[in-house]
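To start, the structure itself, in structure tokens.
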Amino acid sequence: MTAEVTAECPFEHELVIRVVGRLGLNAHHDFRQAYMPHVRGLTKCEVNLKDCTGIDSSGMAILLILRDQAKLDLEQFSITHCNPDVYKVLGYANFDQIFTVKAL
Numbered sequence: 001m002t003a004e005v006t007a008e009c010p011f012e013h014e015l016v017i018r019v020v021g022r023l024g025l026n027a028h029h030d031f032r033q034a035y036m037p038h039v040r041g042l043t044k045c046e047v048n049l050k051d052c053t054g055i056d057s058s059g060m061a062i063l064l065i066l067r068d069q070a071k072l073d074l075e076q077f078s079i080t081h082c083n084p085d086v087y088k089v090l091g092y093a094n095f096d097q098i099f100t101v102k103a104l
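The letter at position 24 of the sequence shown is residue 24 when you use the UniProt record's numbering, and the numbering goes up by one with no holes.
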């Protein structure tokens with residue numbers, strides 16, 4: 001299963017990315033296509049994983065790449081609405097040290 005990725009900017013310089021399905025290597029192209037038009041000048045980014053069914057190391061790498069390209073820090077970049085399994089995986093990888101991670 002691949003992820004469906006959508007991006008919107010509800011406010012200028014703020015990006016919200018929604019992931020539906022599994023976030024992994026198969027989602028890399030769609031994820032990149034969703035954020036690239038908005039990445040310059042961002043002051044805030046949220047990745048909403050409410051409908052994300054799972055994440056693997058490739059999915060976590062995608063999040064790291066976005067954070068690096070957007071040049072955002074812990075307070076400006078959040079991963080939200082994680083289901084318990086995704087939240088646990090992100091916790092094992094210590095993503096809470098470099099992102100603001102919130103469970104459902």
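No residue lacks a Cβ here, since even glycine has one placed at the ideal position from N, Cα and C.
Contact between the segment 15-35 and the segment 58-68 is established, with three or more Cβ pairs separated by less than 8 Å. Nearest to E14 by alpha-carbon distance, out of L25, N94, V47, K102, is V47. Secondary structure note for G54: its beta strand (DSSP E) is the uninterrupted segment 44-55. For L104, no alpha helix (DSSP H) encloses it, and the DSSP letter there is neither H nor E. Look at L74 here: in three-state DSSP terms it is coil, with no helix or strand label.
Relative to V39, the option among T53, L49, I17, L23 whose CA is nearest is I17. Between C82 and L49, the C-beta spacing is below 9 Å. Shown here for G54: same chain residues with a beta carbon closer than 6 Å to its own, the five before and five after excluded, namely R22 in chain order.
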